[in-house]
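K.L.:
After the structure tokens below, expect a handful of questions from me.
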Amino acid sequence: MRILYLDIDSLRPDHLGCYGYPRATSPNIDALAAQGMRFENVYASDVPCLPSRTAFFGGRFGTKTGVINHGGRCADLTPQGETRDFRSRLVESSLASQLTRLGYRTASVSPFPRRHSAYQIFWGFHETIDTGRGGLENADEIFLPVADWLHRNGASDHWFLHVNMWDPHTPYDTPESFGNPFAGEPPVPWLTPAILERQRASCGPHSAREVPHITPDLPASWRWGVGEIASLDDAQVHWDGYDTGVRYSDHYIGKILDELDSLGVLEETAVVVAADHGENLGELNVWGDHQTADEFTCHIPCVVRWPGVTDHRAGQADSGLRYHLDLAATIVELAGPAGADSVRDAGWDGRSLFEPGRDALFLSQGAWSCQRSMRWDRWILIHTVHTGLKEFPETMLFDLDADPHETTNRAAEHPDLVREGLGRIESWFADAASVCPLGDPFDVVLAEGGPCHANEKSPMWEEYCRRLESSGRQGHSDWFRTHGGQPRSGW
């Protein structure tokens, strides 16, 4: 078996045609979904980038390993300590190590480990190719080493190739020569002038008033997009930039598939498309970033075309609730007869995508805010401990069937659901943290001053408070100076 894992940073499923998006962003991914299966409700357990990929490639929830942040103690795996033998148990149980023991040649084309000093992502790979620009690569720059690797290895059997693309991630820097395939198409109808007015009166890094970070000054690297969302037209420009990045990645996915076809191995290669996390495109007043434990940061696409496994399910969709850890476990289980035993022996938290879905998912964000969530049925319940310079209440409940863009907090209308959900969140995370070498990693992050990207001890905190004061939002600045990252009480 040959396995190609296409890992597209910041790709949200509802901006793909195979998940119902009306724009033609993803013809090649859509074709793979038609030939294989689409898993509709897969969520990254720990977001954003570093916690998510550490969990995926290591097979364990971040609350168990302690990796939930982009800085501080909770950005690094804790050493195994005195029980470590000649080889580390964590290294030997990684995704690539397990596939290597199953007889696969393993390779990764990705700048991610160096970008985040997260070399656990590379653990166990025979060959790693750092494309060198720290996530600012366009898909054409990723394609060249991928094509070279396939020319050298693609015709052989038993390989696993991880390919990491970045185009949907900000800055929106798709080459100008590619153009805007979506110019003139109508805006997404969920954003209204009233919602935008509320957002502009609110606050936060990457909010409507400060899309690039904490000012509206758009760096030169942003070929597409705007520095602030002052109108629905600005929102459209922003969405066009994101969708163009998706289409550019998809274009080069087509080229990779063409390379496999030219080698005569495409039909017998398993192809998986997923992401490390999704992206908020205005939801919860986050524009082009991944700062929450909500539907849009945590929900990811998952398309699997696996010869001999999905053939008789071509075009089908599975709606079960699943973690991205389940995708990692499925890859190993399908890789060979001993795969299921390998996953079990490694003590991974994931299970096969082909088992029944879970009754609820528990999600964590610790790099931009400190939030824990439960996703079940039609609901997502978000409990905020540290706002990350946002105007978040302590509790948010959204009905995703009636309100798919999280515009109306329903917590006050459903106190029984909230009480039960908060109890389940507390219990689940307490159980997970009981095996963490650091104790509860949220306690560690809060003791350090909060999440990496909105830490109360950083110069950025005071700088943004001054920005709020100078832009007519003194009330928010007063709150942050007095209460730090404490959320507004209630809902």
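The sequence shown begins at 3 in this note's numbering and counts up one residue at a time. Idealized CB from N, CA, C, for every residue including glycine.
(1) If contact is defined by three or more beta carbon pairs under 8 Å, each pair taking one atom from either stretch, is the segment 100 to 111 in contact with the segment 466 to 476?
(2) Does M3 come out as helix, strand or coil in the three-state DSSP assignment?
(3) To the nearest angstrom, how far is the alpha carbon of F41 from that of V305?
(4) Can you tell me whether V228 is helix, strand or coil according to DSSP?
(5) By the DSSP assignment, the beta strand (DSSP E) with L52 in it spans what residues?
(6) Got a sec? Which residues, its chain only, sit under 6 Å from P501 by beta carbon, not counting five neighbours each side?
(7) Which residues bound the beta strand (DSSP E) around D291?
(8) What does the Cβ neighbour count give for P189, buried or exposed, with the cut at 16 atoms within 10 Å?
(9) Measuring alpha carbon to alpha carbon, tell me which residue in A36, P453, W463 and V239 is nearest V387.
(10) Can you check which of these residues, S96, D361 and D9, is closest to G322 by C-alpha distance?
(11) Taking C-alpha atoms, which residue in L8, T410, F124 and R469 lies nearest to P218?
(12) Is R82 helix, strand or coil when you go by DSSP?
(13) If I'm right that P303 touches L13 with Cβ under 8 Å, what's the distance once you round it to whole angstroms?
(14) Nearest-angstrom Cα distance between N411 and E143?
(15) Give every residue of the same chain whose Cβ lies closer than 8 Å to the Cβ of P195, excluding the five residues on either side of it in the sequence, and list them in chain order.
(16) Going by beta carbon distance, what residues of the same chain come within less than 8 Å of R135, once the five residues before and after it are set aside?
(17) How should P81 be labelled, buried or exposed, when 16 other C-beta atoms within 10 angstroms of its C-beta is the threshold for buried?
(18) For the beta strand (DSSP E) containing D433, name the first residue and the last one.
(19) How about G74 and D48: do their beta carbons lie closer than 7 Å?
(20) Under 8 Å Cβ to Cβ from E458, same chain only, skipping five residues before and after it: list those, please.
(21) Given a threshold of 16 other Cβ atoms within 10 Å of its Cβ, counted over all protein chains shown, does G247 qualify as buried or as exposed?
(22) Give me whichever residues DSSP pairs with L323 in a beta bridge.
P.N.:
Taking the definition as stated:
(1) no
(2) coil
(3) 6 Å
(4) coil
(5) That residue, L52, is in no beta strand (DSSP E); its alpha helix (DSSP H) goes C51 to G60.
(6) One cannot answer for residue 501 here, as it falls past the ends of the chain, which runs 3 to 493.
(7) W289 to D291
(8) exposed
(9) P453
(10) D361
(11) R469
(12) First, the residue type needs correcting, since residue 82 is Gln and not Arg in the sequence shown. Of the three classes helix, strand and coil, the one that applies to Q82 here is coil, per DSSP.
(13) 6 Å
(14) 42 Å
(15) L234
(16) P113 and E143
(17) exposed
(18) Counting along the chain, D433 falls outside any beta strand (DSSP E), though it belongs to the alpha helix (DSSP H) covering P417 to A435.
(19) no
(20) G451, G452, G486 and G487
(21) buried
(22) N43 and R360
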